[in-house]
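Q:
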Amino acid sequence: MPSDLLLEATGLVKHFAGRRVVDGVGVELRAGMVLGLLGPNGAGKTTTLRMLSGFIAPDAGTISYFGRDFSAARSATKRLLGICSQEDTLDQEFPVAENLLRYAGYFRPRVEGLRARVDELLDTFGLRPFAGHRPDELSGGFRRRLMIARAVVHRPRVLFLDEPTTGLDPQARVALWQLVNRLRGEGLGIILTTHYMDEAERLSDELLVLAEGRITARGQPRTLLGAVLGEHVAVYATAGDAALEERIAAWLRAADASTPAPIMDEWHLPLRAAQLAAFAAAFPALALRLREPNLDDLFLKLARDGEGAASAAALAGRAP
-14 MPSDLLLEAT
-4 GLVKHFAGRR
6 VVDGVGVELR
16 AGMVLGLLGP
26 NGAGKTTTLR
36 MLSGFIAPDA
46 GTISYFGRDF
56 SAARSATKRL
66 LGICSQEDTL
76 DQEFPVAENL
86 LRYAGYFRPR
96 VEGLRARVDE
106 LLDTFGLRPF
116 AGHRPDELSG
126 GFRRRLMIAR
136 AVVHRPRVLF
146 LDEPTTGLDP
156 QARVALWQLV
166 NRLRGEGLGI
176 ILTTHYMDEA
186 ERLSDELLVL
196 AEGRITARGQ
206 PRTLLGAVLG
216 EHVAVYATAG
226 DAALEERIAA
236 WLRAADASTP
246 APIMDEWHLP
256 LRAAQLAAFA
266 AAFPALALRL
276 REPNLDDLFL
286 KLARDGEGAA
296 SAAALAGRAP
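Just so we're aligned, residue -14 is where the sequence shown starts under the working numbering, counting upward by one.
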C-alpha cells in the first residue's frame, strides 16, 4: 500500500427498506488530499459517509484505513477520524475552550498536553476572543469554526466535513475555506460534501459524483469537466421561438451533443470545440456567448441524465 494512502473502500453497498441506496461505491483518500463528494439529495452521499465513518456497516464491500480492515480494528481506527456533521452538536452549556477540552478528553491517552492543543486551535481558528463564550453566543460562522476545531482537536488523520458552510455568509465561507486549506497542508485527508459547486471546485483535489447510489463521474475538477462536458458552454436565447428550439434539438440529437439547460431566459449548452464550430455554422443568426464550463453545468447535466434514465425505465415498465 502506498504510504500516503489513508482510506480505501471498494464495492460499498447499503440497503434501506429493501431499496439499494448505495450501489458499488469505491473511495480512495490520500494524505493532504480533499475529496469532494457531490450529488443531489438522495444520491447516497450521507449513507456513504456514515459507512466510511463507522456509524453504520455496509451490507457488502470493504473499508480499510491505513492498510487495516476497518471492521477488525474499528475502535482504534475511529480515534484517528474526525467528524464535523451538518448538525450543531456543540455542548451549549460549556464555553468554547471547555467544549474543546471535554471533547479532546474522550480520546486520551492519544492526546497529550490537552490545554496546549486547545490553545493552539483557539489561535488557528480565530476563536481566542471567544474562549469564554458559550456556543449560542457565537455567530454561525464561528460556531462552524468551533465544530471543525473540535473535530481535529485529537489530531485525526482523516476528517469528514459534511456541508460545513451551509447557511453561512460569503465572508464566513471564505474563512472556512482558508482553514480547510490549512488542514490539508498539515497532511490531513479530508472528505467534503457540499451543495456549493464553487466550493467543491475551489477546495477539491478530486471529485466523486453520486447519483441514485452509484458513481457517475470521478476525477480532478478541470479534467472531469472537460471529459464530461467539453471545452465550452454556449449561451444563447431563442425568445420562445418553438420552431428554432425544435431545429436546435434535432441538430443536437444528430450530433450526439448534450441537452442545453434552461436558466432564466437563456439556454446553456456544453459543447466540445468541434461541436461548437459545427453548431455556430448550423445557426449563424444565433447570437452566442461563450464561457468555460463549471461544476454547476456538470451537476445540471448529471441531473438531466438521471431524469432521462428514470423516465426511460418508467416507460419500460420497470423501476429505475
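Just so you know, even glycine gets a beta-carbon here, dropped at the ideal spot from N, CA and C.
1) Could you name the residues of the same chain whose beta carbon sits closer than 8 Å to that of ALA222, not counting the 5 residues immediately before and after it, in chain order?
2) With 16 as the cutoff for other CB atoms within 10 Å, does THR33 come out buried or exposed?
3) Is it true that the CB of GLU148 sits closer than 8 Å to the CB of HIS180?
4) Give me the Cα-Cα distance between ALA185 and LEU22, rounded to the nearest whole angstrom.
5) Leaving out five residues before and five after SER56 in sequence, what residues of the same chain have Cβ atoms less than 6 Å from its Cβ?
6) Look at the alpha carbon of ASP8 and the alpha carbon of ASP183, and state the distance between them as a whole number of angstroms.
7) Reducing DSSP to helix, strand and coil, say where GLU251 ends up.
8) Would you check if the distance between the CB atom of VAL218 and the CB atom of ASP154 is smaller than 8 Å?
9) For ALA212, I'd like the list of residues in its chain whose CB is within less than 7 Å of its CB, leaving aside the five on either flank, ordered along the chain.
10) Roughly how many angstroms lie between the CA atoms of ARG100 and LEU86, to the nearest whole one?
11) Residues in its own chain within less than 7 Å of GLY111 by CB, not counting five upstream and five downstream?
12) Measure the beta-carbon distance from VAL10 to LEU(-3) and round it to whole angstroms, keeping in mind my assumption that it falls under 8 Å.
13) Mind pulling the alpha helix (DSSP H) runs of 4 or more residues that sit fully within the segment 87 to 154?
14) What span of residues does the beta strand (DSSP E) with ASP8 cover, start to end?
15) If we ignore side chains and look at the alpha-carbon of each, how far apart do PRO269 and ASN279 end up?
16) For GLY27 and ALA196, I'd like the C-alpha separation in whole angstroms.
17) Is it buried or exposed, GLU231, if we count other Cβ atoms within 10 angstroms and call 16 or more buried?
18) If you measure between the beta carbons of LEU256 and GLY215, is that distance less than 8 Å?
19) By a C-beta neighbour count over all protein chains shown, 10 Å radius and 16 as the cutoff for buried, is SER49 buried or exposed?
A: Walking through what the data contain:
1) By 1-based counting over the sequence shown, the position of residue 222 is 237. In its chain, beyond the 5 residues on either side, ASP250, GLU251, TRP252, ALA272 have a beta carbon closer than 8 Å to the beta carbon of ALA222.
2) Numbered from its first residue, the sequence shown carries residue 33 at position 48. Counting other Cβ atoms within 10 Å of its Cβ, THR33 reaches 16 or more and is therefore classed as buried.
3) Start at 1 with the first residue of the sequence shown, and residue 180 comes out as number 195. Start at 1 with the first residue of the sequence shown, and residue 148 comes out as number 163. Cβ atoms of HIS180 and GLU148: closer than 8 Å.
4) Mapped onto the sequence shown, residue 185 falls at position 200. Mapped onto the sequence shown, residue 22 falls at position 37. Going from the Cα of ALA185 to the Cα of LEU22 covers about 8 Å.
5) Taking the sequence shown and counting its residues from 1, the one referred to as residue 56 is at position 71. Cβ neighbours of SER56 beyond the five flanking positions: none.
6) Position 23 of the sequence shown, counted from the first residue, corresponds to residue 8. Position 198 of the sequence shown, counted from the first residue, corresponds to residue 183. If you take the alpha carbons of ASP8 and ASP183, they lie about 27 Å apart.
7) Within the sequence shown, residue 251 is the residue found at index 266, counting from 1. Three-state result, GLU251: strand.
8) The sequence position of residue 218 within the sequence shown is 233, counting from 1. The sequence position of residue 154 within the sequence shown is 169, counting from 1. Cβ atoms of VAL218 and ASP154: not closer than 8 Å.
9) By one-based count along the sequence shown, residue 212 stands at place 227. Cβ neighbours of ALA212 beyond the five flanking positions: GLY204.
10) Position 115 of the sequence shown, counted from the first residue, corresponds to residue 100. Position 101 of the sequence shown, counted from the first residue, corresponds to residue 86. Distance from the CA of ARG100 to the CA of LEU86, rounded to the nearest whole angstrom, comes to 7 Å.
11) Locating residue 111 in the sequence shown gives position 126, where the first residue counts as 1. Sequence-distant partners of GLY111 (beyond 5 residues in either direction) whose C-beta falls short of 7 Å from its own C-beta, in its chain, are ARG130.
12) Reading the sequence shown from its first residue, position 25 is the one you call residue 10. Reading the sequence shown from its first residue, position 12 is the one you call residue -3. Their Cβ separation, rounded to whole angstroms, is 4 Å, which keeps VAL10 and LEU(-3) in contact under 8 Å.
13) Given a length threshold of 4 residues, each whole run of the alpha helix (DSSP H) inside the segment 87 to 154 is given here in chain order: 99 to 109, 125 to 137.
14) What you label residue 8 is simply residue 23 of the sequence shown in a count that begins at 1. Element bounds for ASP8: 4 to 15.
15) Along the sequence shown, one-based indexing puts residue 269 at 284. Along the sequence shown, one-based indexing puts residue 279 at 294. Within the model, the alpha-carbon separation for PRO269 versus ASN279 is close to 26 Å.
16) As a working note, residue 27 is residue 42 in the sequence shown. As a working note, residue 196 is residue 211 in the sequence shown. Each residue's Cα considered, the two are about 8 Å apart.
17) Taking the sequence shown and counting its residues from 1, the one referred to as residue 231 is at position 246. Using a 10 angstroms sphere on the CB of GLU231, the tally of other CB atoms stays under 16, which defines it as exposed.
18) Here residue 256 is taken as the residue at index 271 of the sequence shown, counted from 1. Here residue 215 is taken as the residue at index 230 of the sequence shown, counted from 1. Contact flag set, yes.
19) Residue 49 sits at position 64 when you count from the first residue of the sequence shown. Label assigned to SER49: buried.
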